[in-house]
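When you line the sequence shown up against the numbering used here, it's residues 7 to 103, in that order. Where is the CB? At the ideal position from N, CA and C, for every residue including glycine. Heads up: the structure comes next, in structure tokens.
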Amino acid sequence: MTLDLKLLKCGNCEELKLGVHATALALATVCGLYNAAAWLTRREQHLAVNAVLYAALVAFEQRHVAHHMAALRRAAESAVPETAAAPPPSPNNAIAA
């Protein structure tokens, strides 16, 4: 059985993938900060473990967000032709010397 979904291929649906990973990054950050603050207050071992695990998840998700942002940037750069960098100035916008 093969699963050929457009979503699973690199370069497709990058905005959606970016949104999912950015949401996960925000949630992991909040959870990590909560667990770190709770550990500083109560010094319970499981809170320290949770804070470390969430810190690893934050790093993991940050790399995914950066990857999807780079893919979007590459797609935007390839969509703009190099010859259309700047239009010539019109006579109405010329500065009189």
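- Taking each of R49, H74, A43 in turn and checking the Cα distance to L13, the smallest one comes out for H74.
- The Cβ-Cβ distance between E20 and A81 falls below 8 Å.
- Here DSSP, grouped into helix, strand and coil, assigns G17 to coil.
- Under the 10 Å beta carbon count, N41 is surrounded by 16 or more other beta carbons and is classified as buried.
- Bounds of the alpha helix (DSSP H) holding R80 are 51-85.
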